[in-house]
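Remarks on the structure that follows.
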Amino acid sequence: MTVSTAPLPVPTRTGPARRGRFGVHLFLTAVSLAFLTPLLLAVYASLRPYEETAQYGYFSLPRHLSFAYYRQAFVDSGMSKYFLNSLVIAVPGVLLTLFLASFVAFAVSRLRIRGGTALLMVFTAGNLLPQQVLVTPLYVLFNKVPLPYWMSDSMTLYDSLWAVIAVQIAFQIGFCVFVLANFMRTLPREILEAAIVDGAGVWTQYRQVTLPLCRPALAALGTLQFTWMYNDFLWGLVFLSDGDKLPVTSALNNLRGQFFTDYNLLAAGSVLVALPTVLVFLLLQRHFIAGLTLGASKG
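Be aware that the sequence shown starts at 5, since it is given in this note's numbering, and climbs by one per residue.
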């Protein structure tokens with residue numbers, strides 16, 4: 005009796021399966037191009053002189069390309085100080101938001117405190133409140149909150165970067181608590197119980213046991229929070245009256261003339277403003293994608 009050693013046939017994809025996969029790739033490519041087209045058009049316009057696009061149109065072939073508009077946009081708008089203002093708002097805002105949100109999420113999901121579910125619902129419901137509703141009450145409140153001169157030259161919370169940072173944290177912490185609390189509930193309970201047996205206190209359980217396991221979620225949230233806080237335009241415009249304190253998103257307005265606006269120059273400024281968020285995403289891309297796919301292979 006002989007045993008056949010011929011390899012088993014490898015199953016191949018059927019025609020409908022291949023066509024379906026091709027259709028999915030075609031759809032995703034079309035959606036990606038739809039999202040990228042405005043950005044690519046802005047980059048293309050920023051490299052061309054306005055006179056050329058005015059004569060031949062924005063979709064014409066280029067005659068001359070240069071980076072002159074980028075240098076002009078950076079110098080004319082005073083963008084360096086506005087970049088610094090945005091970083092002073094976004095970096096502390098992100099760090100404080102993640103710290104406070106992770107602490108609340110740890111208490112709600114891991115310590116099983118009384119009323120934890122209700123507290124989580126309150127934080128989640130705060131995200132449903134339109135920000136514009138609170139503009140007037142916060143404006144009045146910040147004008148009545150005193151601060152020492154070394155913190156605010158207006159002697160109040162109004163017209164200080166502290167006001168924008170506080171509002172950003174208040175409106176973003178609810179979303180972060182919701183995401184982190186649900187993620188922490190998926191962590192094995194045995195890890196925390198083992199730490200308690202070894203004599204770990206609450207702070208040790210939070211800092212040395214739970215936070216390292218939440219690194220992908222924190223990285224994903226940090227990327228999103230930095231993008232949202234950095235790109236925000238409303239709160240800086242409402243709570244800052246001194247033009248030198250405004251964030252970089254408002255610097256684009258300095259590129260608009262009273263009677264004429266060079267939209268190619270404005271496109272170059274927009275690309276410059278977007279560069280920090282792109283850089284942050286590239287640096288945290290691996291952690292960001294890992295955070296988005298958490299739990300995809302569970303169950």
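Built from N, CA and C at the ideal position, the CB exists for glycine as well.
Since the model is a prediction, treat every value here as computed from it, not as a measurement.
{"Asked": "Top-ranked residue by Cα proximity to ARG3, from LEU184, ASP157, ALA223 and ALA34", "Found": "For residue 3 there is no data in the structure shown, the boundaries of the chain being 5 and 303."}
{"Asked": "Closest Cα partner of GLN4 within the set SER106, CYS218, GLN59 and THR140", "Found": "Because the chain in this structure spans residues 5 to 303, residue 4 falls outside the shown range and cannot be described."}
{"Asked": "Exposure of GLY240, with buried meaning 16 or more beta-carbon neighbours within 10 Å", "Found": "buried"}
{"Asked": "Presumed contact (8 angstroms Cβ cut-off) between ASN311 and GLY130, rounded CB distance", "Found": "In this structure the chain extends from 5 to 303, so residue 311 is not present and cannot be described."}
{"Asked": "VAL95 to PHE230 span [Cα, whole Å]", "Found": "7 angstroms"}
{"Asked": "Reduced DSSP category for THR101 - H, G, I as helix; E, B as strand; rest coil", "Found": "helix"}
{"Asked": "Runs of alpha helix (DSSP H) wholly within the stretch 115-198 (minimum 4 residues, chain order)", "Found": "120-130, 139-148 and 165-188"}
{"Asked": "Cβ neighbours of PHE127 in the same chain (closer than 6 angstroms, five flanking residues each side left out)", "Found": "GLY178 and VAL181"}
{"Asked": "8 angstroms contact criterion, which LEU51 and LEU69 should meet: CB distance rounded", "Found": "5 angstroms"}
{"Asked": "Nearest-angstrom Cβ-Cβ length linking ILE117 and VAL168, presumed shorter than 8 angstroms", "Found": "Not confirmed; about 32 angstroms, so no contact."}
{"Asked": "Test item: CB-CB of ALA77 and LEU269 under 8 angstroms", "Found": "yes"}
{"Asked": "Residues near LEU217 in its chain [Cβ-Cβ closer than 6 angstroms; skip 5 each side]", "Found": "LEU191"}
{"Asked": "Buried/exposed call for GLY226, threshold 16 Cβ in 10 Å", "Found": "buried"}
{"Asked": "Contact belief for ALA49 with TYR62 at Cβ below 8 angstroms, rounded distance in angstroms", "Found": "6 angstroms"}
{"Asked": "From SER156, SER90 and ILE293, residue whose alpha carbon lies closest to that of ALA278", "Found": "SER90"}
{"Asked": "Continuous alpha helix (DSSP H) stretch holding ASP202: start and end", "Found": "First-last for ASP202: undefined, no H or E at that position."}
{"Asked": "7 angstroms CB neighbourhood of LEU100 in its chain, flanking five on each side removed", "Found": "ILE173"}
{"Asked": "Nearest-angstrom Cα separation, counted from LEU238 out to ALA46", "Found": "23 angstroms"}
{"Asked": "Spatial neighbours of GLY303 in its chain, beta-carbon cut-off 6 angstroms, leaving aside the 5 residues before and after", "Found": "Low confidence applies to GLY303: its pLDDT is 42, below 50, so where it sits in the model is not reliable, and the reading given next is rough at best. Here the set comprises nothing."}
{"Asked": "Cβ-based neighbour list, GLY97, same chain, cut-off 7 angstroms, excluding 5 preceding and 5 following", "Found": "ILE169, GLN172, ILE173 and MET233"}
{"Asked": "TYR143 beta carbon less than 8 angstroms from that of VAL213", "Found": "no"}
{"Asked": "Residues near TYR210 in its chain [Cβ-Cβ closer than 6 angstroms; skip 5 each side]", "Found": "PHE110"}
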